[in-house]
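Visitor: One structure, pasted below without further comment.
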Amino acid sequence: CGLSGILAGIRLSQAGLPFTILDKNAGPGGTWWENRYPGARVDVGSHQYCYSFEPSDHWSEYYCQHSELRDYFIRVVDKYGLREHCRFETTITAVTWDDEQGRWHVEVEGPDGTSEVIDARFVVSAVGSLNLPRMPDIEGMDTFDGPSFHSARWPEDLDISDTRFALIGAGASGFQIAPTIAGEVEHLTIFQRTAQWVLPNPIYHAKVPDGETWAMRHLPFYGRWLRFMMTQPGLGSGVESFRIDPDHVDPHNQSVNAANAASRDLLLDWMHEQLADRPDLIEKVVPDYPAMGKRVLQDNGSWFQCLKRPNVELVRTGIDRIVPEGIVTVDGTLYSVDAICYATGFRHNEFVAFDMTGRGGVSLHGQWGDEPSAYLGITVPNFPNLFLCYGPGTNLAHSAGLFFHAEYQTMHAMDAIHRVLTSGARAIEVRQDVHDRYTDELVRQISSLVWAHPTIQHSHYKNPDGKVY
Ligand code: NAP
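Per my numbering, residue 310 is the first one in the sequence shown, and the count goes up by one each step.
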């Protein structure tokens, strides 16, 4: 019941089909239900990070905070009468295709711990790829004396005032947490393995002025135009500026084409401007891979101001182990801390968070291994009547937004369901050769883009072998 599941529910309801939405959480919103860490906000503009068919004139900030998004999902669920179709606090344990009956058996465990099998003709897996927290494998993690938790599991009643706080990971989540808590904690140590490129964005924390909200509500087409202007530029020629130009010369191997080199200069200027008085920090924050090669983060200056605070330390030295009193880096330094937050991301490449068995007893994770793939990111050979939302190859590195993708993925699923139901067929399944052709082309294209650049060692776009999937 995150953004894609709600959308699928709306479309199924409009088609007059019976459906059930299963969700492990106690309410709607998926990742926005779970991620409540201090500073959590969307880093894609709110006026496009919402359903195209719902008004988008109500956001109080250009990049709204998690609670506002959660309220939005609750409102949409109630508006479309989906609540009666939802079963919350219900965890899916296994999903198995029954070839004889041509149906899926969905095994679930309800809030009281009882198991049940739900029979379904079609399954839409809308679990996204941000729902399985990835904890690092660091020696001694379980010996730490204080509270320690993943960013997506921030304890509701945690009092961090006057603590010596460690943040491991400074990707999209850590980047938002640090500036938000730096003024509250006694000391903040940020352990960042890879430096991040940062896009200057002066309105990142800005409120939408009343006049603009008025314009969205009253000026014909203004709101639609705004959404279009946020979405379209990245969709058109966008990907070309990410392509590796074999003729591009960069002695330092830190840009992939002329436009990418210009972006690098622009982003470097911003870093130098922000840290003009702290050359020691500049050394620590400049990435050693091409701009845009990992998911770029937004900043209005708050990240760099946070790093400059006297009670904040950015540590780029690798972590060796965790001991009861804190964190020891590979150079032997002990950082004594009272609490640790692991902002270390999610197990992106599992895509489907439960065991799934398709035709002929084939396991989905077994079939995928470390290279998950799906035709258009949606359908998988051997898995009839299954549709994935935010599946393999649909992770966004630039432009548009997940809502935009989800609306097309859901449209594709509804079209396929319609074909099955109106043709008298039992099931629909992508042909292996069609899937393979699509996947080969996707891999070929992605290998020529900046995200595959060999200087990028760790990235959630890459699998453990360093391949972008
Ligand atoms: P992430 O971007 O994958 O960042 C994880 C961080 O943890 C990185 O700094 C990573 O370092 C570090 N890390 C991981 N394993 C480590 C280890 N073993 N030792 C040391 N450091 C380690 O994860 P995230 O910040 O949770 O964000 C995940 C995704 O969620 C984003 O890409 C985005 O799609 C979404 N998100 C969106 C928003 C938003 O819209 N506002 C906010 C938060 C998250 P490396 O860089 O070296 O791997």
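Built from N, CA and C at the ideal position, the CB exists for glycine as well.
How many angstroms separate the CA atom of G419 from the CA atom of E393?
Guide: For this step, residue 419 is matched to residue 110 along the sequence shown. For this step, residue 393 is matched to residue 84 along the sequence shown. The alpha-carbon atoms of G419 and E393 are separated by roughly 16 Å.
Visitor: Within this structure, are the beta carbons of E448 and R473 separated by less than 7 Å?
Guide: For the purposes of this step, residue 448 is taken as the residue at position 139 of the sequence shown. For the purposes of this step, residue 473 is taken as the residue at position 164 of the sequence shown. Not in contact: E448 and R473 (Cβ atoms no closer than 7 Å).
Visitor: Is T653 close to the ligand NAP? I mean its beta-carbon at under 6 Å from any heavy atom of the ligand.
Guide: The count along the sequence shown starts at 1 and reaches residue 653 at position 344. At least one heavy atom of the ligand NAP is nearer than 6 Å to the Cβ of T653, so yes.
Visitor: Tell me whether D352 counts as near the ligand NAP, meaning its Cβ is closer than 6 Å to at least one heavy atom of that ligand.
Guide: The count along the sequence shown starts at 1 and reaches residue 352 at position 43. Yes, the Cβ of D352 comes within 6 Å of a heavy atom of the ligand NAP.
Visitor: From which residue to which residue does the beta strand (DSSP E) around H727 run?
Guide: Numbered from 1 along the sequence shown, position 418 holds the residue referred to as residue 727. Run containing H727: none in the beta strand (DSSP E); it sits in the alpha helix (DSSP H), L711 to S732.
Visitor: So for A429, helix, strand or coil by DSSP?
Guide: Along the sequence shown, one-based indexing puts residue 429 at 120. If DSSP states are grouped into helix, strand and coil, A429 belongs with the strands.
Visitor: What residue range is occupied by the uninterrupted alpha helix (DSSP H) comprising W368?
Guide: For this step, residue 368 is matched to residue 59 along the sequence shown. DSSP places W368 in no alpha helix (DSSP H); its state is neither H nor E.
Visitor: S672 to A335, Cα distance in whole Å?
Guide: Along the sequence shown, one-based indexing puts residue 672 at 363. Along the sequence shown, one-based indexing puts residue 335 at 26. Computed Cα separation, rounded: 29 Å.
Visitor: By how many angstroms is the C-alpha of P529 removed from the C-alpha of D380?
Guide: The residue labelled residue 380 in the question sits at position 71 within the sequence shown. The residue labelled residue 529 in the question sits at position 220 within the sequence shown. Distance between the alpha carbons of D380 and P529 is about 26 Å.
Visitor: Which whole-angstrom value describes the C-beta separation of V637 and D629, a residue pair presumed to lie in contact below a C-beta threshold of 8 Å?
Guide: Your numbering for residue 637 matches position 328 in the sequence shown. Your numbering for residue 629 matches position 320 in the sequence shown. The Cβ separation is near 5 Å, so the contact holds.
Visitor: Extract the residue ranges of the beta strand (DSSP E) inside the region 552-589, only unbroken runs of 3 or more that lie entirely within it.
Guide: For secondary structure counted as the beta strand (DSSP E) over 3 or more consecutive residues, the region 552-589 holds no complete run.
Visitor: Determine whether the beta carbon atoms of C359 and P337 lie at a separation below 7 Å.
Guide: Stepping through the sequence shown from its first residue, residue 359 is reached at position 50. Stepping through the sequence shown from its first residue, residue 337 is reached at position 28. No, the Cβ-Cβ distance between C359 and P337 is not below 7 Å.
Visitor: Quick check: is any heavy atom of the ligand NAP less than 6 Å from the C-beta of H744?
Guide: Position 435 of the sequence shown, counting from 1, holds the residue named residue 744. It does not: the Cβ of H744 is nowhere closer than 6 Å to a heavy atom of the ligand NAP.
Visitor: In whole angstroms, give me the CA-to-CA distance for G355 and E370.
Guide: Start at 1 with the first residue of the sequence shown, and residue 355 comes out as number 46. Start at 1 with the first residue of the sequence shown, and residue 370 comes out as number 61. First, the residue type needs correcting, since residue 355 is Ser and not Gly in the sequence shown. Cα to Cα, the separation comes out at about 8 Å.
Visitor: Taking the alpha carbon of G627 as the reference point, which residue from W341, P445 and T405 has its own alpha carbon closest?
Guide: Mapped onto the sequence shown, residue 627 falls at position 318. In this structure, P445 is the residue among W341, P445 and T405 with its C-alpha nearest to the C-alpha of G627.
Visitor: Are F613 and L584 touching if we call contact CB-CB under 7 Å?
Guide: Along the sequence shown, read from residue 1 onward, the residue named residue 613 stands at position 304. Along the sequence shown, read from residue 1 onward, the residue named residue 584 stands at position 275. Taking 7 Å as the Cβ cut-off, F613 and L584 qualify as a contacting pair.
Visitor: Where G686 and L751 are concerned, what is the direct C-alpha to C-alpha distance, given to the nearest angstrom?
Guide: Numbered from its first residue, the sequence shown carries residue 686 at position 377. Numbered from its first residue, the sequence shown carries residue 751 at position 442. Cα to Cα, the separation comes out at about 10 Å.
Visitor: I need the boundaries of the alpha helix (DSSP H) containing P509, first residue and last residue.
Guide: In the sequence shown, residue 509 corresponds to position 200, counting from 1. Run containing P509: none in the alpha helix (DSSP H); it sits in the beta strand (DSSP E), V507 to P509.
Visitor: Where does the unbroken alpha helix (DSSP H) through G675 begin, and where does it stop?
Guide: For the purposes of this step, residue 675 is taken as residue 366 along the sequence shown, with counting starting at 1. L673 to W677 is the span of the alpha helix (DSSP H), which, as asked, contains G675.
Visitor: Go ahead and pull the three-state DSSP assignment for A475.
Guide: Position 166 of the sequence shown holds residue 475. Correct three-state label for A475: strand.
Visitor: Taking the alpha-carbon positions, what's the K516 to S365 distance?
Guide: Within the sequence shown, the letter at position 207 stands for residue 516. Within the sequence shown, the letter at position 56 stands for residue 365. K516 and S365: Cα-Cα distance of roughly 15 Å.
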